[in-house]
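Peer 1: I'd like to ask some things about the structure below.
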Amino acid sequence: MLNTIFSKAINRANAVVCGFVALTVIFACYLVYYGAVFYGVNEKGDSLKESIAKKEMRAATIEGSITDSNGDIITFSEEPGKSAKCMHKSYGQLVGFNNAVYGKYGLRAKYEDLLMTGDKTHHGATIRLTTVNRIQNLAYEEIKGTQGCVVVLENATGRILALATSYPGVEMDVNNLSSNWNEMNSSENDGFLIQNWRKALAPGSTMKPVTSTLIYDEGRADEVYNDTGTETIGSHSFHNAGKGVNGKIKLERAIVKSCNTYFSHMTNEIGAFKLQQRAESFCIGSDLELDFGNIHSEHNLMSSSAEEVAAAGFGQGRLLLTPINIALIGEAIANGGELKKPYIIDSISTSEKTFYKGKTESLGTACSKESAAYVSNAMKNAAISYGVDKKLGIHAKTGTAQVDGANRASFVSFNDRYTVCLVENNTHKAGKNLAGSAVRIYRELSKLS
Amino acid sequence: MNKKIRDIAWILGMNVVFIVLLVLFAANRELADPMMSIVIPMLIVTSGALVYTIHFEGDLVIAMSAILLLEIGQMTQVLINEGVSSMPTILLFVSPVFGAVCVAVISYLGKKDLGDEKKAQKALIIVAGGVVLITLILLTIGRNINGTKAWLVLGPLSLQLTELFKPLYVLFHAVLWKSSLSHKKRFIFSTAMTLGSAGLLLIINELGTLLVILLMWIILTFIYSEKLLDTAIVLGGTLLTVLGGYGVLGLVYSRVKSKILLGEKPAGLSKKLYQIFDKLHQRVMIFTDLDQYMIEYKDEASRQPVKAREMIMNGGLFGSTRRTTIPIENSDYAYVGLILRCGIVFAIVVLVLFFIILYRSLLKSVRMDNRFESVMFTGAALGLILPTFINVMGTTNFSFMTGIAVPFISHGGTNMLLSVFNVMLLIWGTAGIRPNITLPAPAKASSEQKADTPEQEEIPFTR
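Residue numbers (our numbering), protein chains in the order written: chain B, 1 to 449; chain W, 1 to 463.
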């Protein structure tokens, strides 16, 4: 058959010509597809085209600056296509980097489009944060060299005045990533220096204010509990820190003394369902979408055993909180039960346009005003018991959770304007050891107008 | 005479209009001096080419297509280089002289009698010897440029000698099919020449020309061999050789690599094979996974295809004034440079022009009774279109990339010389071929011719 068709050279030449015609037509169609000429035909090509356009815009744009609430520079760039310089190491983890070799991280990754979208002068948008550089730097200095985190909030608004995180032995120098990239990515640092405010771990006794508001709202604040140093629930016996015995105590004294047996007993009596509801009203167990990233915390009380629920009442068990959650506990108590959403972006704007304006948002009511006032008063006494000067007007609660053979020390505190939360992971310290750092931060905060 | 003048005037007028359009286009793309870089050289060269064509009564469609390609090529180079480039302009004037000399040689060879088997074999050996000689020259004093040792540098001149493989290969087959060798011998000689050339090109690392040679082998066998089975053997053999060769090279590669990792130094040949596979494999990987390369920068080798795709995307249908830099844009990536500046539509028009040349040449050449000329003209047409398709498909990731120039469009002296020669050969070859309707041959002469060339009876064209 084929021999008959292609018996002559002319027929074969015709076949060659037809082959080239077919090839040309197929190729023309391919080229239109490959070049993603028509939007929607080649989805992968479309996204590549967009990224090319972005890359080109980036190359022609001077990366926008990031400033603190006073307009003081945090990052700045002078040349198009060049990565911005960060002026404060305390902001390294927060602002992150946007690097052709090492990738993107932090606020500079999250807001890349705006930082790289040029105005008429080819400058990207400026991000003004709610932070104050000197508070941020101090907060960082307080935790430097530890696996720590500091959160400073303004109670009435939820504005974040400082958000610092650190690791032992390595700093995130975003201006010089090549020098310590390997250390940053070592297994000792969990594979990468994750911002500690995103790490959800057992909160320890800083959970007690939450349980306390529940006990108060249940009308059991004045109920006397006889602490013998041991509370047995199911097959498990709970003890106080240091095997202490407090005798007959009520809620206020239990908060000051951080009495584990009291809280395990009361939680067991009140039940998992109510504690879970109360935790949820403090935004524990749900994802918080914040302007610097999502915060994920966990509780699993409904599927926990009685022992685990009792442990959750004083901050152990199947309960994982981030430093932001712990700070929110303090903020809610300070605000009479009202939760204000934390935010760090004050505004994003160019000389021509404002893209975003941060504002105060309510996250709802966590507890009654009365219970908040009661717990607040108890926390004031607790702060004094930690050695904090009464005149400073600080309310506090410490926490020391056991996580993988080490402590997670936490200190949540507030005064009439600010909430300060310090957390140190993988440490031998106890929560009250962080009080000194908190006090120094409060002293600096008092200088703010 | 009046008709000739009318033809010249009409065609020249068309050419002037086209040059003006090109200049307007170039000006729109912010070109500095289109008068010196495009108008003057193009008017002189193309007008001369048209007069040549009309004088010899060559195929005006072929001539016009080639001239348009020449003009587009000049404009592309001027746009890429952002100004006048003296070397291509000088070459525009030198190429026709070179082409004329070569056409004269082919004309002389076409008249040679190769009826004697010994004479034919001698001629074949001389041509094959030319290929071996080029390889030896390149291996001894050749210069490695852009990864291939295909260049001979003589002072300011850099000649890509491997370009000569193509006309020599075609010449070999032209002699082969004109000779009175048996079908079996022809097939053996053709296979030996192809495999020999392929081996030599592999040593020089010139994969582009190697691919052209293999495709030429398949197409020439398909058109001219009496048996279709030959084509099946050639096609199957080529595929098996390519795939088998890739597998063997891969095997050698893995062995040599393990030796290198152990700190041993590989021997000369295995090192060479290692390098060849490394280059091949890298290109295959880029071809199969370019999207990934687009997302994350992997290595320098992927830069060109990644940038090429960016240029195609930026060029869109009708081109753009955006600037994207790409290594060796004016030679291997000239077609992509054309897409960026003039768009996909214009780039497809370029392919269509090449196709027109192939169509006109092929359908006339296969009707010729002189097999030597017939194969030469088919080979010349293939010599223009095959590198074009290989290049445009490689640089646009339709197939894997091999370094080869697009005739007329890419910057390259040797390429320009041979492209102009090919076109001049085609114009000369198609001269005088007209439908043989009004002039039937005398009865006696016709019967003699039929005995010599059995196909003649069914051919509506004669020379």
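Heads up, the beta-carbon is just placed ideally off N, CA and C, and yes, glycines get one too. Predicted model only: the values in this text are computed from it and were never measured.
Just how far apart, CA to CA, sit W/N436 and W/R371?
Peer 2: Its pLDDT being 37, under 50, W/N436 is placed unreliably by the model, and the measurement read from it follows with that caveat. Each residue's Cα considered, the two are about 19 Å apart.
Peer 1: What is the rounded straight-line gap between the Cα of B/H239 and the Cα of B/T232?
Peer 2: Spanning the two alpha carbons is a distance of roughly 9 Å.
Peer 1: So who's on the other strand from B/L288, going by DSSP bridges?
Peer 2: Looking at the DSSP assignment, B/L288 forms a beta bridge with B/I295.
Peer 1: Going by C-alpha to C-alpha distance, which of B/Y140, B/G364, B/G103, B/N14 sits closest to B/E338?
Peer 2: Nearest of B/Y140, B/G364, B/G103, B/N14 to B/E338, Cα basis: B/G364.
Peer 1: I think W/L176 touches W/G130, with their Cβ atoms under 8 Å apart; what is that distance to the nearest whole Å?
Peer 2: Not confirmed; about 15 Å, so no contact.
Peer 1: Tell me whether the stretch 255-263 of chain B and the stretch 223-237 of chain B touch, counting them as touching only if at least three CB pairs, one residue from each stretch, are closer than 8 Å.
Peer 2: Touching, yes, given that three or more Cβ pairs across the two stretches are closer than 8 Å.
Peer 1: Quick check on W/I437 - is its C-beta less than 8 Å from some C-beta in chain B?
Peer 2: Unreliable placement is indicated for W/I437, whose pLDDT of 31 sits below 50; the coordinate value is still reported in the next sentence. For W/I437, the answer is no, since every Cβ of chain B falls outside 8 Å of its Cβ.
Peer 1: B/M184 and B/V170: beta carbons closer than 8 Å?
Peer 2: Contact: yes.
Peer 1: Based on Cα-Cα distance, which residue from B/C367, B/S376, B/K353, B/T206 lies nearest to B/A334?
Peer 2: Nearest of B/C367, B/S376, B/K353, B/T206 to B/A334, Cα basis: B/S376.
Peer 1: Checking 8 Å against the spacing of the C-beta atoms, do B/H299 and B/G285 come in under that value?
Peer 2: Taking 8 Å as the Cβ cut-off, B/H299 and B/G285 qualify as a contacting pair.
Peer 1: Please report the Cβ distance between W/I357 and W/I62, rounded to the nearest whole angstrom; I am assuming they are in contact, meaning their Cβ atoms lie under 8 Å.
Peer 2: Right, the Cβ-Cβ distance comes to about 5 Å (below 8 Å), so this counts as a contact.
Peer 1: The stretch 359-374 of chain W: which residues have C-beta closer than 7 Å to a C-beta of chain B, in chain order?
Peer 2: Cβ contacts with chain B: Y359, L362, L363, V366, R367.
Peer 1: In chain order, what residues of the same chain lie with their CB nearer than 6 Å to the CB of B/K390, ignoring the 5 residues before and after it?
Peer 2: Around B/K390: I384.
Peer 1: Please tell me whether W/S253 and W/Y224 are closer than 8 Å, where the distance is taken between their beta carbons.
Peer 2: First, the amino acid is wrong: residue 253 of chain W is Tyr here, not Ser. No. Outside cutoff.
Peer 1: If you follow the beta strand (DSSP E) that B/T213 is in, where does it begin and where does it stop?
Peer 2: No beta strand (DSSP E) contains B/T213, which is instead part of the alpha helix (DSSP H) from 208-217.
Peer 1: Does B/W197 pass the burial test, meaning 16 or more other C-beta atoms within 10 Å, or should it be called exposed?
Peer 2: Buried.
Peer 1: Given a limit of 7 Å on CB to CB distance, which residues of the stretch 203-233 of chain W reach chain B?
Peer 2: Against chain B - using a Cβ distance shorter than 7 Å - the residues of the stretch 203-233 of chain W are I219, F222, I223, Y224, L228.
Peer 1: I need the straight-line Cα distance from B/D346 to B/G71, nearest angstrom please.
Peer 2: Distance between the alpha carbons of B/D346 and B/G71: 11 Å.
Peer 1: If you count every other CB in all the chains shown that lies within 10 Å of the CB of B/S410, and 16 or more means buried, which is it?
Peer 2: Result: buried.
Peer 1: B/Y34 versus chain C: which residues are under 9 Å apart at the beta carbon?
Peer 2: This model lacks chain C altogether, as its protein chains are B and W.
Peer 1: At 8 Å on the CB atoms, spell out the chain W contacts of B/T24, in chain order.
Peer 2: I348, L351, V352, F355, listed in chain order.
Peer 1: Out of B/I270, B/R408, B/D222, B/H236, state which residue places its alpha-carbon closest to the alpha-carbon of B/I249.
Peer 2: Nearest of B/I270, B/R408, B/D222, B/H236 to B/I249, Cα basis: B/D222.
Peer 1: Note down, in chain order, every chain B residue with its Cβ under 9 Å from the Cβ of W/F389.
Peer 2: Those within 9 Å of W/F389 in chain B are F20, L23, T24, F27.
Peer 1: Hey, could you find the ends of the beta strand (DSSP E) B/Y34 is sitting in?
Peer 2: Per DSSP, B/Y34 belongs to no beta strand (DSSP E); it is in the alpha helix (DSSP H), 9-34.
Peer 1: Starting from W/D59, find everything on chain B with Cβ-Cβ shorter than 7 Å and list it in chain order.
Peer 2: Within chain B, no residue comes near W/D59; the closest Cβ sits about 15 Å away, beyond 7 Å.
Peer 1: At least one CB of chain W closer than 8 Å to the CB of B/Y30: is that the case?
Peer 2: Interface residue, yes.
Peer 1: If the cut-off is 8 Å on Cβ atoms, which residues from the stretch 8-19 of chain B count as contacting chain W, listed in chain order?
Peer 2: Cβ contacts with chain W come from K8, A9, I10, R12, A13, N14, A15, V16, V17.
Peer 1: Short of 9 Å Cβ to Cβ, which residues in the stretch 278-292 of chain W face chain B?
Peer 2: Here the close residues are D291.
Peer 1: Just tell me which of B/A162, B/G148, B/T146, B/A156 has its CA closest to the CA of B/L138.
Peer 2: Minimum Cα distance to B/L138 is reached at B/A162.
Peer 1: Could you please give the first and the last residue of the uninterrupted alpha helix (DSSP H) stretch that includes W/A347?
Peer 2: Segment 334-365, the alpha helix (DSSP H) holding W/A347.
Peer 1: Run the CB neighbour count on B/C149, radius 10 Å, all protein chains shown included, and call it buried at 16 or more, exposed below.
Peer 2: Buried, by the Cβ-count rule.
Peer 1: Opposite B/H123 in the DSSP bridges: which residues?
Peer 2: Answer is B/I62.
Peer 1: Report yes if the CB atom of B/V25 is closer than 8 Å to the CB atom of W/L362, and no otherwise.
Peer 2: Taking 8 Å as the Cβ cut-off, B/V25 and W/L362 do not qualify as a contacting pair.
Peer 1: Chain W beta carbons: is any one of them nearer than 8 Å to that of B/K54?
Peer 2: Chain W, which has no Cβ nearer than 8 Å to the Cβ of B/K54, makes this no.
Peer 1: In terms of alpha-carbon separation, which member of B/P342, B/V388, B/E331 lies closest to B/A366?
Peer 2: Checked all of B/P342, B/V388, B/E331; the closest Cα to B/A366 is B/E331.
Peer 1: If we ignore side chains and look at the alpha-carbon of each, how far apart do W/L439 and B/A9 end up?
Peer 2: Unreliable positioning characterises W/L439 in this predicted model, as indicated by a pLDDT of 32, which lies under 50. The coordinate reading is nonetheless provided below. One C-alpha to the other measures close to 24 Å.
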